[in-house]
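Novice: The following block contains the structure, expressed as structure tokens.
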Amino acid sequence: MRIAAVQHDIVWEDRDANFARLAPQVARAVGAGAELVLLTETFSTGFSMTPGIGEPEGGPSAQFLAGQAAEHGVWVGGTCPEIADGQQLPYNSFVLAGPDGTVHRYRKLHPFTHAGEHERFRAGEGPVTLDVGGLRITPFVCYDLRFADVFWTAAPATDVYLVPANWPSPRRLHWQTLLQARAIENQAYVVGCNRVGTAGDGTEHAGDSRIVSPMGELLATAAGVETIVLADVDAAEVTATRDRLRFIPDRRGS
Numbered sequence: 150m151r152i153a154a155v156q157h158d159i160v161w162e163d164r165d166a167n168f169a170r171l172a173p174q175v176a177r178a179v180g181a182g183a184e185l186v187l188l189t190e191t192f193s194t195g196f197s198m199t200p201g202i203g204e205p206e207g208g209p210s211a212q213f214l215a216g217q218a219a220e221h222g223v224w225v226g227g228t229c230p231e232i233a234d235g236q237q238l239p240y241n242s243f244v245l246a247g248p249d250g251t252v253h254r255y256r257k258l259h260p261f262t263h264a265g266e267h268e269r270f271r272a273g274e275g276p277v278t279l280d281v282g283g284l285r286i287t288p289f290v291c292y293d294l295r296f297a298d299v300f301w302t303a304a305p306a307t308d309v310y311l312v313p314a315n316w317p318s319p320r321r322l323h324w325q326t327l328l329q330a331r332a333i334e335n336q337a338y339v340v341g342c343n344r345v346g347t348a349g350d351g352t353e354h355a356g357d358s359r360i361v362s363p364m365g366e367l368l369a370t371a372a373g374v375e376t377i378v379l380a381d382v383d384a385a386e387v388t389a390t391r392d393r394l395r396f397i398p399d400r401r402g403s
């Protein structure tokens, strides 16, 4: 499967503006052969803590993803603030929409307490692994990347980790290093999709989106501008790497 990470800027708290800007970028990725297109964390609003920023599950952001998936016949994913029935605070919800109308969700496990996300968003309950075109895909979101244990837990059933983010530029070295580390540790592909530009709260982002192989090789990388990174991923390569180098079975307690 060819996966594209769309590294994009975000118009602060303006869903319609972001939908208008992102639709052509999804089309470009599909034109380059992508079968799965990954947008960033909070692709439609920016990483906003404004009260009321949440939308219902299946709201405008999920509808945009589903519409793009149906229009182009591909999978399209990203995160948005979604409020589940009966709740008051939203989840930071990763939504992956398929070409046949299928929709999968993962709720970010680790709210970013350093920025107060835990006060404005609910935490998810556990990892989710999806079967997408014969690939076993496990999504995580931004700050989740710092917690190796959840990646380890999911590893035996995962070929590809997707990590959409709004990772700030002052800690860009952490982002780059941890993406490679998670690929090397778990012998799986890692797709990191980070935004560029300055958020409405003044936070700057450098992008550095990348696709990493199960051996930790950088298959595709991006600098600090809007662009698309693409790479072909293959479940057979994950199996071959793990058969050749049997590291995961040596984990204590795994």
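Just so you know, we're using the working numbering here: the sequence shown kicks off at 150 and counts up by one.
Don't be surprised by glycine CBs; every beta carbon is placed ideally from N, CA and C.
Computed from a prediction, not measured in an experiment: that's the story for all the values here.
#1: By alpha-carbon positions, which one of W316, D392 and F300 ends up nearest to V309?
#2: Is it buried or exposed, D280, if we count other Cβ atoms within 10 angstroms and call 16 or more buried?
#3: To which residues does DSSP link G341 through a beta bridge?
#4: With DSSP as the reference, label T194 as helix, strand or coil.
#5: By the 10 Å Cβ neighbour count, where 16 or more other Cβ atoms means buried, how is Q156 classified, buried or exposed?
#6: Enumerated in chain order, which unbroken segments of the alpha helix (DSSP H) with a length of 4 residues or greater are wholly contained in the segment 249 to 331?
#7: Helix or strand or just coil, what does DSSP make of A181?
#8: Which residues in the same chain as N167 place their Cβ atom closer than 7 Å to its Cβ, once the five residues preceding and following it in sequence are excluded?
#9: L379 and A218 - do their beta-carbons sit closer together than 7 Å?
#10: Would you say N315 and R295 are within 7 Å of each other, going by their C-beta atoms?
#11: By the three-class DSSP mapping on this structure, what secondary structure does R400 have?
#12: Taking the alpha carbon of H259 as the reference point, which residue from P276, P319 and L327 has its own alpha carbon closest?
#13: Tell me where the beta strand (DSSP E) around G227 begins and ends.
#14: Name the two residues that bound the continuous alpha helix (DSSP H) containing V387.
#15: So for P239, helix, strand or coil by DSSP?
#16: S318: which of F289, S358 and A337 sits nearest, CA to CA?
#17: Under 8 Å by Cβ, that's how I've got L214 and V244 pegged, so tell me the actual separation to the nearest angstrom.
#18: So A380 is in the beta strand (DSSP E); what residue range does that whole segment cover?
#19: State the Cα-Cα distance for the pair A233 and T189, rounded to the nearest angstrom.
#20: Where does H354 fall in DSSP's three states?
#21: Roughly how many angstroms lie between the CA atoms of E375 and L171, to the nearest whole one?
#22: What separation, rounded to the nearest whole angstrom, lies between the Cα atoms of A211 and G365?
#23: Give the secondary structure of I202 by DSSP, where H, G and I count as helix, E and B as strand, and everything else as coil.
Specialist: Well, looking at it:
#1: Indexing the sequence shown from 1 puts residue 309 at position 160. Out of W316, D392 and F300, the CA that lies nearest to the CA of V309 is found in F300.
#2: Position 131 of the sequence shown holds residue 280. Exposed, because fewer than 16 other Cβ atoms sit within 10 Å of the Cβ of D280.
#3: As a first step, residue 341 must be located in the sequence shown, where it is residue number 192. Bridge partners of G341: V312 and R359.
#4: As a first step, residue 194 must be located in the sequence shown, where it is residue number 45. Coil at T194, not helix or strand.
#5: For the purposes of this step, residue 156 is taken as the residue at position 7 of the sequence shown. Flag for Q156 reads buried.
#6: Annotation note: the segment 249 to 331 contains the following uninterrupted alpha helix (DSSP H) runs of length 4 or greater, listed N- to C-terminal: 266 to 269 and 297 to 303.
#7: On the sequence shown, position 32 is the one that residue 181 refers to. Three-state DSSP puts A181 in coil, outside helix and strand.
#8: Locating residue 167 in the sequence shown gives position 18, where the first residue counts as 1. Closer than 7 Å at the Cβ level, and outside the excluded window around N167, lie I159, V160, F192 and S193.
#9: What you label residue 218 is simply residue 69 of the sequence shown in a count that begins at 1. What you label residue 379 is simply residue 230 of the sequence shown in a count that begins at 1. By the CB criterion at 7 Å, A218 and L379 fall outside the cutoff.
#10: As a working note, residue 315 is residue 166 in the sequence shown. As a working note, residue 295 is residue 146 in the sequence shown. Their beta carbons are not under 7 Å apart, which means N315 does not touch R295 by this criterion.
#11: Counted from its first residue, the sequence shown places residue 400 at position 251. Of the three classes helix, strand and coil, the one that applies to R400 here is coil, per DSSP.
#12: Along the sequence shown, one-based indexing puts residue 259 at 110. Here the closest residue by C-alpha is P276.
#13: Taking the sequence shown and counting its residues from 1, one reaches residue 227 at position 78. Counting along the chain, the beta strand (DSSP E) containing G227 begins and ends at W224 to I232.
#14: Indexing the sequence shown from 1 puts residue 387 at position 238. V387 -> alpha helix (DSSP H) spans A384 to R393.
#15: As a position in the sequence shown, residue 239 is number 90, starting the count at 1. Assignment of P239 by DSSP, reduced to helix, strand and coil, places it in the coil class.
#16: The count along the sequence shown starts at 1 and reaches residue 318 at position 169. Its Cα nearest to that of S318, the residue S358 stands out among F289, S358 and A337.
#17: By one-based count along the sequence shown, residue 214 stands at place 65. By one-based count along the sequence shown, residue 244 stands at place 95. Under the criterion of beta carbons closer than 8 Å, L214 and V244 qualify as touching, at roughly 5 Å.
#18: Here residue 380 refers to the residue found at position 231 of the sequence shown. A380 -> beta strand (DSSP E) spans T376 to D381.
#19: Position 84 of the sequence shown, counted from the start, is the residue given in the question as residue 233. Position 40 of the sequence shown, counted from the start, is the residue given in the question as residue 189. Each residue's Cα considered, the two are about 21 Å apart.
#20: Residue 354 sits at position 205 when you count from the first residue of the sequence shown. It is a strand residue.
#21: Within the sequence shown, residue 375 is the residue found at index 226, counting from 1. Within the sequence shown, residue 171 is the residue found at index 22, counting from 1. One C-alpha to the other measures close to 11 Å.
#22: Taking the first residue of the sequence shown as position 1, residue 211 is located at position 62. Taking the first residue of the sequence shown as position 1, residue 365 is located at position 216. Approximately 32 Å between the Cα atoms of the pair.
#23: On the sequence shown, position 53 is the one that residue 202 refers to. Note: I202 maps to coil in three-state DSSP.
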